[in-house]
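Enquirer:
Residue numbers (our numbering): 4 to 179.
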């Protein structure tokens, strides 16, 4: 057997397993560690699904970040009664993961600052994306403002957890 082929196949298998694990981590963190805010309109859902999403994006890159976010949180919507949200979540959170990973990979500078910038960009995408998703779903331009505090809290909290750890995790993974 050609060793190059075997190495390529092992690499594909490793990538598939990592993506599947981060989909599962994102789904579990969204499903089992959440709190619904009792404020106007939809109210917003605070969850920890952004933690594995950002870890995937910062440690394994933009594709894994996009896959973890889109499929992990999209699956949450499908199986937890938020089905109408699934297509929006797939696009919004997939974009968050992709751009966070892209910024982390490509922007020069101190990784903590770069990853903080990536979290800030992801936050803007989440706020704007879900605002317009709610406008489409509810036909109201005011009600979606009620979800912004929850969106801000969950992304900022995830950033506070992940940004200081991402560099260490990447070094640990790289040493194997």
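All C-beta atoms in this analysis are idealised placements derived from N, C-alpha and C, irrespective of residue type, glycine included.
Can you grab the Cα-Cα spacing for the pair residue 84 / residue 116, in whole Å?
Expert: The sequence position of residue 84 within the chain shown is 81, counting from 1. The sequence position of residue 116 within the chain shown is 113, counting from 1. Cα-Cα distance, rounded: 37 Å.
Enquirer: In whole angstroms, what separates the C-alpha of residue 59 from that of residue 146?
Expert: Counted from its first residue, the chain shown places residue 59 at position 56. Counted from its first residue, the chain shown places residue 146 at position 143. Taking the straight line from one Cα to the other gives about 32 Å.
Enquirer: If we count the other Cβ atoms within 10 Å of its Cβ and call it buried at 16 or more, is residue 143 buried or exposed?
Expert: Here residue 143 is taken as the residue at index 140 of the chain shown, counted from 1. So residue 143 counts as exposed.
Enquirer: Closest to residue 158 by C-alpha separation, out of 176, 171, 24, 121, would be which residue?
Expert: Counting from 1 along the chain shown, the entry for residue 158 is found at position 155. Per the Cα distances, 121.
Enquirer: Please list, in chain order, all residues of the same chain as residue 182 whose beta carbon is under 7 Å from its beta carbon, the five residues on each side excluded.
Expert: Outside the shown range of the chain (4 to 179) lies residue 182, about which nothing can therefore be said.
Enquirer: The alpha helix (DSSP H) with residue 37 in it runs from where to where?
Expert: The sequence position of residue 37 within the chain shown is 34, counting from 1. No alpha helix (DSSP H) contains residue 37, which is instead part of the beta strand (DSSP E) from 37-39.
Enquirer: DSSP has residue 48 in a bridge; who is on the other side?
Expert: Mapped onto the chain shown, residue 48 falls at position 45. Partner(s): 39.
Enquirer: With the cut-off set at 8 Å, would you say residue 77 and residue 56 are in Cβ contact?
Expert: Here residue 77 refers to the residue found at position 74 when the chain shown is read from its first residue. Here residue 56 refers to the residue found at position 53 when the chain shown is read from its first residue. No. Outside cutoff.
Enquirer: When DSSP labels each residue in this structure, what does residue 110 get in the three-state scheme?
Expert: On the chain shown, residue 110 is found 107 positions in, with the first residue counted as 1. Of the three classes helix, strand and coil, the one that applies to residue 110 here is coil, per DSSP.
Enquirer: Report the residue from 86, 82, 105 whose alpha carbon sits nearest the alpha carbon of residue 64.
Expert: Along the chain shown, one-based indexing puts residue 64 at 61. Residue 105 is the option with its Cα nearest to residue 64.
Enquirer: Going by other Cβ atoms of all chains shown within 10 Å of its Cβ, with 16 needed for buried, is residue 95 buried or exposed?
Expert: For the purposes of this step, residue 95 is taken as the residue at position 92 of the chain shown. The residue is buried, with at least 16 neighbouring Cβ atoms inside 10 Å.
Enquirer: Beta carbon of residue 102, beta carbon of residue 128: below 8 Å?
Expert: Within the chain shown, the letter at position 99 stands for residue 102. Within the chain shown, the letter at position 125 stands for residue 128. Their beta carbons are under 8 Å apart, which means residue 102 touches residue 128 by this criterion.
Enquirer: Go through its chain and collect everything with a Cβ distance to residue 114's Cβ below 6 Å, but skip five positions before and after it.
Expert: Residue numbering aside, residue 114 sits at position 111 when the chain shown is read from its first letter. Excluding residues within five positions, the ones whose Cβ falls inside 6 Å are 170.
Enquirer: To the nearest angstrom, how far is the alpha carbon of residue 20 from that of residue 176?
Expert: Taking the chain shown and counting its residues from 1, the one referred to as residue 20 is at position 17. Taking the chain shown and counting its residues from 1, the one referred to as residue 176 is at position 173. Spanning the two alpha carbons is a distance of roughly 14 Å.
Enquirer: Which runs of the beta strand (DSSP E), 3 residues or longer, sit entirely within the region 75-123?
Expert: If we require 3 residues or more, the region 75-123 turns out to have no beta strand (DSSP E) run fully inside it.
Enquirer: Kindly indicate which residue of 166, 31, 148, 70 has the alpha-carbon position closest to the one of residue 119.
Expert: Taking the first residue of the chain shown as 1, we reach residue 119 at position 116. Of 166, 31, 148, 70, the residue nearest in Cα terms is 166.
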